[in-house]
Every structure is written in structure tokens, then in C-alpha cells.
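Colleague: First the structure, which I've put down as C-alpha cells, then a few questions once you've had a look.
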Amino acid sequence: MPRRNLAPRPTTMPRGRNHEISDGAHLLLLGDLLLELVRLLPERLHLCSARLLPGSSSSSSLSLSLSLSLRCARSSTPVGGGPYTLKERNSAATKSRPFIKGCKNGLGPRLPISAQQRAPRAFSSVVRSQKKSCALSIPSNQRKKKVVRSQNSNKIFPILLLPPLRCVALPIPHSVPPPGMVLIERTPCAGAAPFSPLQRSTPRASREASPPSDPILPYLRSIKKAIDEIRAHPECYHAALEQLKIYVTECIDKYGDDYQYSTDPRLLKIWILYGDAVSDFDKVYAHLEEKRMFLEDALLYESYALFLCAQGRALEADKVYGIGISRKAEPLDHLKKMHINFLKQLESIVEESDEDAQPKPSKIQKREFTVVDPWSDSTMSNLLTKISGGLKKLTGYHKSNKIYSGKVPLTSSHNALKNKDVELGGRKYHIKGSPGTGAFAKLYKASVDGNTEEIVALKVQKPAFPWEFYMYRQLDTRISDIQRPSYGYAHEVHVFADVSVLVCNFLPYGTLLDAINSHLVVGQHMDEVLCIYYTIEMLHMLETLHSVGIIHGDFKPDNMLVCYPSEEITDDTFRSETRSGQNQGLCLIDWGRGIDVNLFPAGTGFLADCGTSGFSCIEMQEERSWTYQVDTFGLCVVAHMMLHGEEMSIAKVPGTGGSYMYQPKLSFKRYWNVALWKQLFTTLLNPGSNGNHVGDLRSLRRSFQEYMCSNYQLVVKLNQLLAKQKASLCSS
Numbered sequence: 005m006p007r008r009n010l011a012p013r014p015t016t017m018p019r020g021r022n023h024e025i026s027d028g029a030h031l032l033l034l035g036d037l038l039l040e041l042v043r044l045l046p047e048r049l050h051l052c053s054a055r056l057l058p059g060s061s062s063s064s065s066l067s068l069s070l071s072l073s074l075r076c077a078r079s080s081t082p083v084g085g086g087p088y089t090l091k092e093r094n095s096a097a098t099k100s101r102p103f104i105k106g107c108k109n110g111l112g113p114r115l116p117i118s119a120q121q122r123a124p125r126a127f128s129s130v131v132r133s134q135k136k137s138c139a140l141s142i143p144s145n146q147r148k149k150k151v152v153r154s155q156n157s158n159k160i161f162p163i164l165l166l167p168p169l170r171c172v173a174l175p176i177p178h179s180v181p182p183p184g185m186v187l188i189e190r191t192p193c194a195g196a197a198p199f200s201p202l203q204r205s206t207p208r209a210s211r212e213a214s215p216p217s218d219p220i221l222p223y224l225r226s227i228k229k230a231i232d233e234i235r236a237h238p239e240c241y242h243a244a245l246e247q248l249k250i251y252v253t254e255c256i257d258k259y260g261d262d263y264q265y266s267t268d269p270r271l272l273k274i275w276i277l278y279g280d281a282v283s284d285f286d287k288v289y290a291h292l293e294e295k296r297m298f299l300e301d302a303l304l305y306e307s308y309a310l311f312l313c314a315q316g317r318a319l320e321a322d323k324v325y326g327i328g329i330s331r332k333a334e335p336l337d338h339l340k341k342m343h344i345n346f347l348k349q350l351e352s353i354v355e356e357s358d359e360d361a362q363p364k365p366s367k368i369q370k371r372e373f374t375v376v377d378p379w380s381d382s383t384m385s386n387l388l389t390k391i392s393g394g395l396k397k398l399t400g401y402h403k404s405n406k407i408y409s410g411k412v413p414l415t416s417s418h419n420a421l422k423n424k425d426v427e428l429g430g431r432k433y434h435i436k437g438s439p440g441t442g443a444f445a446k447l448y449k450a451s452v453d454g455n456t457e458e459i460v461a462l463k464v465q466k467p468a469f470p471w472e473f474y475m476y477r478q479l480d481t482r483i484s485d486i487q488r489p490s491y492g493y494a495h496e497v498h499v500f501a502d503v504s505v506l507v508c509n510f511l512p513y514g515t516l517l518d519a520i521n522s523h524l525v526v527g528q529h530m531d532e533v534l535c536i537y538y539t540i541e542m543l544h545m546l547e548t549l550h551s552v553g554i555i556h557g558d559f560k561p562d563n564m565l566v567c568y569p570s571e572e573i574t575d576d577t578f579r580s581e582t583r584s585g586q587n588q589g590l591c592l593i594d595w596g597r598g599i600d601v602n603l604f605p606a607g608t609g610f611l612a613d614c615g616t617s618g619f620s621c622i623e624m625q626e627e628r629s630w631t632y633q634v635d636t637f638g639l640c641v642v643a644h645m646m647l648h649g650e651e652m653s654i655a656k657v658p659g660t661g662g663s664y665m666y667q668p669k670l671s672f673k674r675y676w677n678v679a680l681w682k683q684l685f686t687t688l689l690n691p692g693s694n695g696n697h698v699g700d701l702r703s704l705r706r707s708f709q710e711y712m713c714s715n716y717q718l719v720v721k722l723n724q725l726l727a728k729q730k731a732s733l734c735s736s
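To get this note's numbering, take the position in the sequence shown, counting from 1, and add 4.
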């Protein structure tokens, strides 16, 4: 889906020269408003981190305003081809936009700037003179940090002190003030002078002087004026805040359900301000869900999740992120990043709370770990029960309590199902054959609704097992779009009382095991250049997976489908830190043994055998607990099979200082790059205790990439080998 502009102009908005304020000024106006809202509640800021822990019942409006200010700062381009242009999103002036980073001890943002530091009144000049439009940016080197002590604990929380905002001015060809400006008369509240209530022209009066096609604009101006009042006279905060609530509430009452503005982000932001003002975002979100408004805008889910976090409702926040991602709300990449950061911060909070609750161990006391069998029936049953509520909301999940009653039993033999039709969810799948059978399921190749060009894979499993579908949806959520094609796709799953059917993508070129065997049948081994190429692919796969808390658990060559780049590979391909779909060489499938680390307590180790001959990691062989080693050991076995044409046997050899290490028994050929391969096997078979195995994977990958870039003839040879292998596999 193409990314929607962040400030669409209403369809009836006039575009002529007499339009009194540009869309860009609208965004800047509201952006300033939201940035100022961050500063309104200084006495409540110290509660933000404390409320993020489970069990807190308090609410805070800080997170919402922060989230909105960040999103407003990202948007800098007016829509509709208007005559005025703001700075492009990626320009130097907007790269240092006023982001307020996440708090170390909580899910919410760090605390905002102090009340004494005032931003220049940039937008007042925009409204009054219309001579310039201002975009705000803050250089990162001007940010300062301060700490405050929470009233509820002895913990110290950091505050991010921002300097006065710098204005980057762009000319707007207006020389006279617009006629519909809202004025606020104020009585200064200095010294002992009594406070005089705000006297204002109402939004209704302002609207009479504004273009009739944009009734939201006067409310934005009135809200802006109320913010200016709070900025100029913070001692009058409470009265001005009540006036601000009146503006927001009146706008929502009149235009909140108007479908003419159902895609206007200005209205969404006012809705969120309204939820913030009434401190009941639950009703706001439920109302927008009922009206089907703004469901494709990531800002809705980010704001609601932050609201839930501020109340200590972290599990509900996780579900909200998942719903937004399953709906592919835009911008999707930013929503995924927010979710990943949320999960990381949640894990750190749980660890800190556990440490605070337990007495500090003595110096000789060892840390205790939880050890479980991740694949046992009891563990899987508990996990499926734990995720059952969220599983039902996932796109493509279909469940029936009845036994499958199709014309042909899904558990029939391969020959019995060949050339038969299977109906699932209103679609007809014509079984064309079986590419293979796994240890736990049967696999079929099928066309969809008579379209011979639309081919899918049907994975039939008895008894029903929806876990693999859950893992695919976690990949959708946690992996960026550019790298997502490397892990396979599941379109939908049909769960019956007796059997489940998973509908997946089908790739025609076979598996990496097929590629290895295609060389062995002619008495050869895979060329080293080809081995390096696939090793880089596998290192990149595991680096990405493990960084988001996912373990594949069955990492072997018959679970990796071979892909071929749409264009010739160049040295730039190996210099890139990301892997796009056009350049992918492998696709990792079969997630039935996948492990979601986030579902287990921090520090959990696993104690079980994978049951695949030759792929049991060293920890499994020695009956020790393991985590990510099950995947990294599998990578070593696959690399060994490509190089030597057989599975790996390891030897325990003496090391320095009475220690020992593990190495493959077979030696490397003299004409190979022995240093590279030794580094790979030594690092992955003997993981260190620093806990940074993802960094080790990244370092190894870059070493192999640098070697490929060192000689362009290696890249030329790789393209030739890939073309030859593709022809061989297609012919067979």
C-alpha cells in the first residue's frame, strides 16, 4: 500500500490563491500545539515511569502528547500540489527533529523540557503575518540531560532538556494577515494581580470568516492560541487548560464523526487530544473502531498503546500494536519499530522489577535460571492457551469446532488427494501433487480457484496445530518489510477439530539440500564461492531473527528454499547491510518448531533434543540448557555439508590454560579461505559468555562480505555458478 500523506486536504478544500493558510502551515500549527502539550503537566511527569509497571492503576496523558509531537515532527510536506513547499522529510534541517527518546526505566518517553525553557513563538508569526512558515529542528548536540528523583521511590529518572527550538524559515507569499484569525485577550497574571478569565472570539465566530469548506482550521487556531496563553503565563495553567478542553470537545462534538474528514490526520490528532483531555482513551479507540475511522493510520495504534503503557496495561498495549500491524497501518515500518522498542523496554522493566523484588545474592551465589522443554505437549498447550485471545484476531485465522467434512479426507494418502479439489474458506484448491512430507505434516502443491499460475503450498497437520501460523504472524510483526521475504509467508490457516491446514507461498526451485545433492550426484562438491554466498545469507537470517527474540529451532538445509536474484549480483550487494527481496538467495520455512523467546520469562533456558540426526547442538548432546545455539549449530552443519558434502562431526580439542574447544573433525582444503572458515566454526561452536552472539553473527557476515568485495572476479564467478545451478535444478 502506498504511504498516505500525513496531512490530506479535504476533498472540498479550495486550492485557489485566496486560500488563507497552506496545508504545511496547518501541520506546523498543530505540530507546535502538540510539542507544547508536552510541557503542560510538569508536576505529573515524574509519575510516567512508575505507571508503566504492571499493576498500576493511574493514568497519564504525557505519553499521548509525546507520541503525537514525534509524529507531527516527522511530517513536513504539504499535500495536494499546493503552491507552498516545506522542507523535505529527509532534509538536513529535519533529520534532527525534536524526538524525545524512551525512558530507560519505562515504556514511555523521557521527560520533556523544563517550564523555564521556552520555544520561540514561531507559529504566532506565521498566523499574524503570513510572511513565513517555520519548520522546527533541534541539533542533537544541544540536548542536555538532567535527573530527578521519583516521589514514589528512590530511583532516579533522566530528563531530556531541549534548548529553544530553532526556526528554519521558508517564504510564503502572503503579506497581509488572514481575515479569520482568532484573537485571545489576556490579562497578565504577574505579581498579585488577580487572574482575569480568557476573553476570546469563539470558534463559531472565527468560522464565519474562514473558508466554509475547512471548519476544522478555526479550532486549530483557537487551540494554538490557548497554548500560547499557557506558554506566556504558566501560572494561569489551569484556567487555560480548561479552555483548551472546551475547544477540543466542541470540535469533536461537531465534526468527530464526519466521514468527510475520516482520512484527515488533523481530525485524528484532535480525537487523540480529546481522549487525552478526558483521560478515557479506551472509549475514543472503541468509538473509532465502531465507526471504522482511521483504522489504517499507525498513529491511532501508537497513541493508544502509549496510553495503555502509561496505565501499566502492557499486555493490552502489545495486542494493540499487533492489531495495527495486522491491518498494515501506515507508516508500517515505524509502527513495527515502535513495537520492537516496546518489547525490548518491557523486557528490561520485568528484569529490573524482578531484581528489586528479590534479595541481592551473595557474591558466591549463582543466578538461577528457569529451564523448560519448549516443544513438550504441556508447554505448547500452555503457550497456545496464553495466545488464544490474540490468535483469534490475527488476519487469516479461521477456526471451526467441527471436524473437517470435505469430500476428500485431508489425511488421505498423497495419491488419493492428487488431482482432487479441496474447499477451504470459500476457495477451491486443486491438488497437483506433493513436494514432500515432513516429520509432523503432509505437504501439497495446489492451484487456487482454477488459476494455474497461482500456486500455493498446503501444509496438513493432524492433530490441529496453529502454532506455526502464530510464528508467521510474529515474523510479519517484527521483521522489516525489506527483509521479510526471506522467511516465507502464510496466507491463512484453517483449524478444525481434527486437523489444520496452513496455506503458504510455494517456491519452485527446491531446497538448499537439493542444491547440495545436485553437485554430489555428479561427483562434485559445491564451489567455495557458492558456499560463501549461502553462508552470508544464513548469517544474515539468524542475525535478524535473534535480534527480535525468535528462534527457528529446526535450522537445516531442507527447510531453506533456494531463490535466485532477479538481477545479477554486484559487489554493492555484498556491501549492503540489508537484504532485499530482489537479492535474496534463501527463504527459511517450516516454523512449527519456532520459539518466541518473549513468551518466556527473562533468563529462561531450554532443555530438549531437536530430534534431527546430526543437528543436535553441543548443549543438547551434553544435556545442558541452550537458547540460540540450536540455530547457530545448525548453520555450522549446513556450511559443513556445502563444503564437504556430508554432515559435521566435532572433536573436543585442548585449548589454552587447561580449557578446551570444539572444532570440526574434517580439515579445510588448502585452496579455500581457511582463515574465514576457521573463524566461523570456532566462533559459533564455542560461544562466549558475553551474551552478544548477534554481534558475533554480524562480525562474521561482514568478514565474508569483505572477502567477496575484495575481488570482483569472485562476484562474476558467483553469477555464473548460480545460473548453472538454476538450470540444473529446473531440469531435474
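Where is the CB? At the ideal position from N, CA and C, for every residue including glycine.
According to the Cβ coordinates, are LYS449 and TYR568 closer than 7 Å?
Modeller: Cβ distance not < 7 Å, so LYS449 and TYR568 don't count as in contact.
Colleague: In or out: LEU456 buried (at least 16 other Cβ within 10 Å) or exposed?
Modeller: Sequence inspection shows Thr at residue 456; the Leu mentioned does not correspond to that position. Classification for THR456: exposed.
Colleague: Suppose contacts are defined by Cβ-Cβ distances below 7 Å. Is TYR289 in contact with ALA333 by that definition?
Modeller: Cβ distance not < 7 Å, so TYR289 and ALA333 don't count as in contact.
Colleague: Hey, would you say ALA302 sits closer than 7 Å to PRO335, going by beta carbons?
Modeller: Their beta carbons are under 7 Å apart, which means ALA302 touches PRO335 by this criterion.
Colleague: Would you identify the three-state DSSP class for CYS107, choosing helix, strand or coil?
Modeller: Summary for CYS107: the model assigns pLDDT 39, below 50, so the residue's position carries little reliability, and this model does not support an answer.
Colleague: Is it the case that the Cβ atoms of TRP595 and MET712 are separated by a distance below 7 Å?
Modeller: Against a cut-off of 7 Å, the Cβ pair of MET712 and TRP595 comes out as no contact.
Colleague: The alpha helix (DSSP H) spanning HIS495 covers which residue range?
Modeller: Run containing HIS495: none in the alpha helix (DSSP H); it sits in the beta strand (DSSP E), 494-499.
Colleague: Measuring straight from C-alpha to C-alpha, what distance separates GLU623 and GLY609?
Modeller: Each residue's Cα considered, the two are about 11 Å apart.
Colleague: Go through its chain and collect everything with a Cβ distance to THR686's Cβ below 8 Å, but skip five positions before and after it.
Modeller: Correct list, in chain order: MET665 and GLN667.
Colleague: Roughly how many whole angstroms lie between the Cα atoms of ARG331 and LEU299?
Modeller: Looking at the two C-alpha atoms, the distance is approximately 8 Å.
Colleague: Helix, strand or coil for MET530 per DSSP?
Modeller: Looking at MET530 - three-state DSSP - the assignment turns out to be coil, as it is neither helix nor strand.
Colleague: Leaving out five residues on either side along the sequence, give the residues of the same chain with a beta carbon under 6 Å from the beta carbon of SER266.
Modeller: The answer, listed in chain order, is MET297.
Colleague: I need the straight-line Cα distance from LYS721 to GLN528, nearest angstrom please.
Modeller: The straight-line gap from Cα to Cα measures roughly 17 Å.
Colleague: Tell me whether GLN588 is buried or exposed, calling it buried when 16 or more other Cβ atoms sit within 10 Å of its Cβ.
Modeller: Buried, by the Cβ-count rule.
Colleague: Does SER714 pass the burial test, meaning 16 or more other C-beta atoms within 10 Å, or should it be called exposed?
Modeller: With fewer than 16 Cβ atoms within 10 Å of its Cβ, SER714 is classed as exposed.
Colleague: I'd like the span of the alpha helix (DSSP H) that includes HIS237, first residue to last.
Modeller: Careful: HIS237 lies outside any alpha helix (DSSP H) and carries neither H nor E.
Colleague: What do you get for ASP453, buried or exposed, if any count of 16 or more other CB atoms within 10 angstroms of its CB means buried?
Modeller: Per the 10 Å Cβ criterion, exposed.
Colleague: Any contact between the segment 305-321 and the segment 339-347? By contact I mean 3 or more CB pairs, one from each, below 8 Å.
Modeller: Cβ pair count under 8 Å is three or more, so yes.
Colleague: Apply the 10 Å Cβ neighbour rule to VAL525 and answer buried if 16 or more other Cβ atoms are within range, or exposed otherwise.
Modeller: Looking at its Cβ environment, which holds fewer than 16 other Cβ atoms inside 10 Å, VAL525 is exposed.
Colleague: Based on Cα-Cα distance, which residue from THR636, HIS648, TRP630 and TRP471 lies nearest to THR374?
Modeller: Answer by Cα proximity: TRP630.
Colleague: Using 10 angstroms around the beta-carbon of CYS734, count the other beta-carbons present and answer buried if the total reaches 16, otherwise exposed.
Modeller: Exposed: under 16 other Cβ atoms inside 10 Å.
Colleague: Tell me the residue span of the alpha helix (DSSP H) that contains LEU680.
Modeller: First-last of the alpha helix (DSSP H) with LEU680: 678-689.
Colleague: Is the CB-CB distance between SER2 and GLN465 below 7 Å?
Modeller: In the structure as shown, the chain begins at 5 and stops at 736. Residue 2 is therefore absent and cannot be evaluated.
Colleague: Just curious, the alpha helix (DSSP H) that TYR666 is in, first and last residue?
Modeller: Not the alpha helix (DSSP H): TYR666 falls in the beta strand (DSSP E), residues 664-668.
Colleague: Check for me: the beta strand (DSSP E) holding LEU299 runs from which residue to which?
Modeller: It is not in any beta strand (DSSP E) - LEU299 carries neither H nor E in the DSSP assignment.
Colleague: Report back the beta-carbon spacing between GLY553 and ASP600 to the nearest angstrom; my notes put them in contact at under 8 Å.
Modeller: About 7 Å separates the two Cβ atoms, so the contact holds.
Colleague: Pull up the distance between the alpha-carbon of LEU689 and that of SER653, whole angstroms please.
Modeller: If you take the alpha carbons of LEU689 and SER653, they lie about 12 Å apart.
Colleague: Taking LEU639 as part of the beta strand (DSSP E), name the residues at either end of that continuous run.
Modeller: Where LEU639 is concerned, there is no enclosing beta strand (DSSP E), although the alpha helix (DSSP H) it sits in stretches over 633-648.
Colleague: With three or more beta-carbon pairs closer than 8 Å as the criterion, would you say the segment 633-644 touches the segment 398-405?
Modeller: Counting Cβ pairs under 8 Å, fewer than three are found: no touch.
Colleague: Helix, strand or coil: how does DSSP classify SER226 here?
Modeller: DSSP places SER226 in helix when its eight states are reduced to three.
Colleague: To which residues of the same chain is PRO691 closer than 8 Å at the C-beta, ignoring the five residues directly before and after it?
Modeller: Answer for PRO691: GLN633, THR636, HIS697 and ASP700, listed in chain order.
Colleague: Might you give, ordered along the chain, the residues of its own chain that have their beta carbon closer than 6 Å to the beta carbon of GLY20, omitting 5 neighbours on each side?
Modeller: The predicted position of GLY20 is uncertain, since its pLDDT is 37 and thus under 50; no value can be drawn from it.
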